[in-house]
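Enquirer:
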Amino acid sequence: MPSFEVTPIGTVRNNRTDVQHTDNWGAVRSTIIVDERFGEKCLQGLEGFSHVEVLFVFDQFPEHDDYREPRPYRGRSDLPPVGVFAGRGPRRPNRIGVTCCAIESVDGRELTVVGLDAVSGTPVIDLKPAMAEFQAENIRQPEWVSRMMSEYFQP
């Protein structure tokens, strides 16, 4: 398959630096500083939305050498093994993460959001306003996912 290169559009700034601290993201306030090459008006109009989808790179995690065997989710032996594309964790091909966050403020090239599960310094590769027409309805997931994620977005 052909490969492609992605250049970050900005960087996350917040008070989270420990990539091993993986829960309690709900009250984390992050400012995304968009690169100056996009100009001071690059976020204009985003203030009219309540949420934004942030695509970022898990740059502090190496990719696995082999993805063929399912692994217990989050490395927890009490959870069932799942294939690499049945999880949202950082150890994945291309290491791309995506989170829908509440927009707190927009100021020039600075976007402040709440609930972004990315540590300070994380490269951001795209921002997309959350639109109702793109949101899934009637989502179904295994019971263990709700149990495992119960503290993930807690403050």
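The opening residue of the sequence shown carries number 1 in full-length UniProt numbering; numbering runs sequentially from there. Every residue, glycine too, gets a C-beta built ideally from N, C-alpha and C.
With a Cβ-Cβ cutoff of 8 angstroms, do residue 67 and residue 148 count as a contact?
Expert: Position 67 of the sequence shown, counted from the first residue, corresponds to residue 67. Position 148 of the sequence shown, counted from the first residue, corresponds to residue 148. Result no, Cβ atoms of residue 67 and residue 148 do not sit closer than 8 angstroms.
Enquirer: Could you please give the first and the last residue of the uninterrupted alpha helix (DSSP H) stretch that includes residue 30?
Expert: By 1-based counting over the sequence shown, the position of residue 30 is 30. Premise fails: residue 30 lies in the beta strand (DSSP E), 29-34, not in any alpha helix (DSSP H).
Enquirer: State the CB to CB distance for the pair residue 98 and residue 54, rounded to an integer number of angstroms; the pair is presumed to be in contact (CB under 8 angstroms).
Expert: Position 98 of the sequence shown, counted from the first residue, corresponds to residue 98. Position 54 of the sequence shown, counted from the first residue, corresponds to residue 54. That pair is a contact at about 7 angstroms.
Enquirer: So which of 2, 61, 29 and 23 has the shortest CA-CA distance to residue 96?
Expert: Counting from 1 along the sequence shown, the entry for residue 96 is found at position 96. It is 61 whose Cα lies nearest to the Cα of residue 96.
Enquirer: Measure from the alpha carbon of residue 93 to the alpha carbon of each residue in 59, 111, 11 and 75, then state which is nearest.
Expert: Here residue 93 is taken as the residue at index 93 of the sequence shown, counted from 1. Minimum Cα distance to residue 93 is reached at 59.
Enquirer: Only counting runs of 3 or more residues, tell me where the beta strand (DSSP E) segments fall wholly within the UniProt domain "TsaA-like" (6-139), in order along the chain.
Expert: With a minimum length of 3 residues, the continuous beta strand (DSSP E) runs that stay inside the UniProt domain "TsaA-like" (6-139) are 10-13, 29-34, 51-57, 96-107, 110-114 and 123-129.
Enquirer: Measure the Cβ-Cβ separation of residue 34 and residue 140 and say whether it is below 8 angstroms.
Expert: As a first step, residue 34 is located in the sequence shown; it is residue number 34 there, counting from the start. As a first step, residue 140 is located in the sequence shown; it is residue number 140 there, counting from the start. Going by C-beta atoms, residue 34 is not nearer than 8 angstroms to residue 140.
Enquirer: Please report the straight-line C-alpha distance between residue 126 and residue 106, rounded to a whole angstrom.
Expert: Against the sequence shown, residue 126 aligns to sequence position 126. Against the sequence shown, residue 106 aligns to sequence position 106. Cα to Cα, the separation comes out at about 16 angstroms.
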